[in-house]
Amino acid sequence: MTRQLTHPRDEIMQTMERIYRYRMTTTSGGNLSIRDESGDIWITPARVDKGNLTRNDIINVRSDGTTEGPHPPSSEFPFHQAIYEARPDVQAVVHAHPVALVAFSICRQTPDTRLFHQAHTVCGQTGFAPYALPGSRQLGSNIAERFKAGCDSVILENHGVVVAGESLSHAFQRFEAFEFAGKTIIKGRQLGNIRYLTDEQLEQATSRDVALESFSPRPASAVEKECRRQLCEFIRRGCRQRLLISTEGSFSARLGEDSFLITPTQQDRESLGVSDLVLVQGNQREADRKASRAVFAHQAIYRMHPNVQAIVFAHPVNATAFSVTDSTFDTRTIPESYVFLRDVQRVPYGVQYQTDGSIANFVSDASPAAILENDGVLITGSSVLDAFDRLEVLESTAEAVINARSIGDVSAMPDAVISELRSAFGIV
Ligand SMILES: [Zn+2]
Numbered sequence: 004m005t006r007q008l009t010h011p012r013d014e015i016m017q018t019m020e021r022i023y024r025y026r027m028t029t030t031s032g033g034n035l036s037i038r039d040e041s042g043d044i045w046i047t048p049a050r051v052d053k054g055n056l057t058r059n060d061i062i063n064v065r066s067d068g069t070t071e072g073p074h075p076p077s078s079e080f081p082f083h084q085a086i087y088e089a090r091p092d093v094q095a096v097v098h099a100h101p102v103a104l105v106a107f108s109i110c111r112q113t114p115d116t117r118l119f120h121q122a123h124t125v126c127g128q129t130g131f132a133p134y135a136l137p138g139s140r141q142l143g144s145n146i147a148e149r150f151k152a153g154c155d156s157v158i159l160e161n162h163g164v165v166v167a168g169e170s171l172s173h174a175f176q177r178f179e180a181f182e183f184a185g186k187t188i189i190k191g192r193q194l195g196n197i198r199y200l201t202d203e204q205l206e207q208a209t210s211r212d213v214a215l216e217s218f219s220p221r222p223a224s225a226v227e228k229e230c231r232r233q234l235c236e237f238i239r240r241g242c243r244q245r246l247l248i249s250t251e252g253s254f255s256a257r258l259g260e261d262s263f264l265i266t267p268t269q270q271d272r273e274s275l276g277v278s279d280l281v282l283v284q285g286n287q288r289e290a291d292r293k294a295s296r297a298v299f300a301h302q303a304i305y306r307m308h309p310n311v312q313a314i315v316f317a318h319p320v321n322a323t324a325f326s327v328t329d330s331t332f333d334t335r336t337i338p339e340s341y342v343f344l345r346d347v348q349r350v351p352y353g354v355q356y357q358t359d360g361s362i363a364n365f366v367s368d369a370s371p372a373a374i375l376e377n378d379g380v381l382i383t384g385s386s387v388l389d390a391f392d393r394l395e396v397l398e399s400t401a402e403a404v405i406n407a408r409s410i411g412d413v414s415a416m417p418d419a420v421i422s423e424l425r426s427a428f429g430i431v
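So, in structure tokens, the structure goes:
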């Protein structure tokens, strides 16, 4: 693990701000803590507007029980402490009331993370803790018991969720992936039966080969620098608009005939800088960088389709809901959707993990986007902006269709309308 140099106060502040910005908690709900190397616990305060926290509001509870700070620690401090006592490997705890997981909590269910290989790996073992009064010792022991049994992500009955991790960023990623799985199941259930992955399918994703030889690139051209800047900007925008999540997805942009820039693996997508992107040239990648695990899929698409200039694998919740059900995704909803997306293909599970490049057969000028079974979506574009645009259109089309289904019968645009659109927009 890399050495963490940010002060616990600032780490808590940054994570709280992000959870609030992503609408994964209300101002009054939720508390975060970190156990530092000395055993002190740093935790959000009780009764302070989470939207206006300052670093001095974070409370330090020392191992001898004394506290330092202008407020009392969160009223949920007892369960944070109980988790740390139960699990020496845990150094951070996130608790909140995000709407999808609260929906599960009030139905006494736990989302099945076998929905996506990433969620299954990131969330760890999941569990369910019975209700007890907030702030009580009983709640502390109900929760600690689940963590003692090896759980990492636990739904609290009629309350919310608690996740723990070896660092706060790890716990946040778990929290985000768990909520995303919950949201996708809820959306997917409006479309049909949910498809979950078998052990074998989960294994397929983790065992893929991503080894590339390394090389030391020459000084970067202005074109490469511009491309890095643009890609970072769209990745950040994608995270903010919730089209990308911090632990999943990859984005790349072509630089030359057989070279492109791609997101790194295992790095928070929201905080990527220009130097984090990895240059891939032929069968080599920039030294000291780890390219996204989807690098071979990107390479195969660029090699087969010379017009493609940008590629994104993403997990926007509504479009992803189609990926976990057998429901057909029809773009003949409004002219914009059809003109941008044309005929969206469906890719059987696992094709994108194969090293034979067969994923490239599922996209073309006539099908610039595809739904990947249990793995979100794949979009190609003639520029980074074009790919991003399509991703947004795909997600809003999916959301509109899901919403439409709850109010009536969806009527697709008839063939005559489609022909008229094709000739008006020069689609061959
Ligand atoms: Zn709570």
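Per this note's numbering, the sequence shown runs over residues 4 to 431.
Just so you know, even glycine gets a beta-carbon here, dropped at the ideal spot from N, CA and C.
Buried/exposed call for residue i, threshold 16 Cβ in 10 Å
{"i": "Pro81", "result": "buried"}
{"i": "Val226", "result": "exposed"}
{"i": "Pro371", "result": "buried"}
{"i": "Ser255", "result": "buried"}
{"i": "Ala167", "result": "buried"}
{"i": "Pro91", "result": "exposed"}
{"i": "Thr209", "result": "exposed"}
{"i": "Ala401", "result": "buried"}
{"i": "Ala317", "result": "buried"}
{"i": "Pro48", "result": "buried"}
{"i": "Ala427", "result": "exposed"}
{"i": "Gly353", "result": "buried"}
{"i": "Pro76", "result": "buried"}
{"i": "Thr116", "result": "buried"}
{"i": "Gln121", "result": "buried"}
{"i": "Asp368", "result": "exposed"}
{"i": "Glu216", "result": "exposed"}
{"i": "Ser156", "result": "buried"}
{"i": "Cys110", "result": "exposed"}
{"i": "Asn321", "result": "buried"}
Own chain partners of residue i with C-beta closer than 6 Å, once the 5 adjacent residues on each side are dropped
{"i": "Pro101", "result": "Met27, Glu182"}
{"i": "Thr30", "result": "Asp52, Lys53, Gly54"}
{"i": "Glu289", "result": "Pro220, Val281, Leu282"}
{"i": "Pro338", "result": "Leu424"}
{"i": "Glu14", "result": "Leu171"}
Beta-ladder partner(s) of residue i, from DSSP
{"i": "Ser253", "result": "Phe316"}
{"i": "Val342", "result": "Beta-bridge pairing links Val342 to no other residue."}
{"i": "Phe131", "result": "Ile158"}
{"i": "Asn145", "result": "DSSP output for Asn145 lists no bridge partner at all."}
{"i": "Arg231", "result": "According to DSSP, Arg231 bridges with nothing at all."}
{"i": "Ala167", "result": "Val96"}
{"i": "Gln270", "result": "The partner list for Gln270 (beta bridge, DSSP) is empty, contrary to what the question assumes."}
{"i": "Ile265", "result": "Ser255, Val281"}
Closest residue to residue i among the options (Cα-Cα distance)
{"i": "Ala223", "options": "Gln193, Leu264, Ser210, Glu260", "result": "Leu264"}
{"i": "Asp359", "options": "Ser414, Met307, Glu402", "result": "Met307"}
{"i": "Arg232", "options": "Ser41, Ile421, Leu388, Arg90", "result": "Leu388"}
{"i": "Ser409", "options": "Gln348, Lys190, Ile146", "result": "Lys190"}
{"i": "Val344", "options": "Arg393, Val350, Gly379", "result": "Val is not the amino acid found at residue 344; the sequence shown has Leu there. Checking every option, the nearest Cα to that of Leu344 belongs to Arg393."}
{"i": "Gln7", "options": "Val396, Ala95, Ala317", "result": "Ala95"}
{"i": "Thr187", "options": "Phe218, Arg245, Ser156, Glu169", "result": "Arg245"}
{"i": "Cys230", "options": "Ser386, Gln269, Leu171, Gln193", "result": "Ser386"}
{"i": "Gly195", "options": "Arg111, Thr328, Cys154", "result": "Thr328"}
{"i": "Phe150", "options": "Gln128, Tyr134, Gln141, Asn161", "result": "Gln128"}
{"i": "Ser170", "options": "Ile238, Ala132, Leu205, Ile37", "result": "Ile37"}
{"i": "Arg12", "options": "Arg24, Ile46, Tyr25", "result": "Ile46"}
{"i": "His10", "options": "Phe325, Ile109, Asp39, Glu395", "result": "Asp39"}
{"i": "Ala300", "options": "Gln269, Ile362, Pro351", "result": "Ile362"}
{"i": "Gln355", "options": "Asp378, Ile197, Asn145", "result": "Asp378"}
{"i": "Cys235", "options": "Ala214, Gln269, Leu200, Leu275", "result": "Leu275"}
{"i": "Asp88", "options": "Ser278, Ile146, Tyr305", "result": "The sequence as given places Glu at residue 88; Asp does not occur at that position. If we check each option's Cα against that of Glu88, Ile146 comes out closest."}
{"i": "Gln312", "options": "Cys126, Ala324, Ser278, Glu260", "result": "Glu260"}
{"i": "Glu251", "options": "His123, Gln141, Leu424", "result": "His123"}
{"i": "Tyr341", "options": "Arg239, Val164, Ala415, Thr18", "result": "Ala415"}
{"i": "Val105", "options": "Val396, Gly163, Phe237, Phe391", "result": "Gly163"}
Beta-carbon proximity list for residue i, same chain, < 7 Å, skipping 5 on both sides
{"i": "Val413", "result": "Val404, Ala407"}
{"i": "Arg292", "result": "Pro267, Val281"}
{"i": "Val347", "result": "Phe332, Thr334, Ser370, Ala372, Ala373, Ile374"}
{"i": "Thr22", "result": "Note that residue 22 corresponds to Ile in the displayed sequence, not to Thr. Result list for Ile22: Thr28, Gly33, Ala99, in chain order."}
{"i": "Phe107", "result": "Thr113, Pro114, Ile158, Gly185"}
{"i": "Ser66", "result": "Gly42, Asp43"}
{"i": "Glu79", "result": "Asn34, His98, Pro137, Gly138"}
{"i": "Tyr199", "result": "Asp115, Arg117, Leu118"}
{"i": "Ser144", "result": "Ala85"}
{"i": "Arg140", "result": "Pro81"}
Cut-off 8 Å between Cβ atoms - residues of its own chain near residue i, not counting five sequence neighbours on either side
{"i": "Ser249", "result": "Phe175, Gln176, Glu179, Cys242, Asp271, Arg272, Glu273"}
{"i": "Met16", "result": "Leu56, Thr57, Arg58, Ile61"}
{"i": "Phe218", "result": "Gln284, Gln287, Arg288, Glu289, Ala290"}
{"i": "Ser326", "result": "Ile374, Leu375, Glu376, Asn377, Asp378, Gly379, Val380"}
Distance cut-off 8 Å: residue i Cβ against heavy atoms of ligand 2
{"i": "Ile158", "result": "The model depicted lacks ligand 2 and carries ligand 1 instead."}
Minimum Cβ-Cβ distance from residue i to chain C less than 9 Å
{"i": "Glu423", "result": "No chain C appears in this structure, which consists of one protein chain only."}
Residues with a Cβ closer than 7 Å to any heavy atom of ligand 1, in chain order?
Per the Cβ criterion, the list is Gly32, Gly33, Glu79, His98, His100, Pro137, His162, Gly163.
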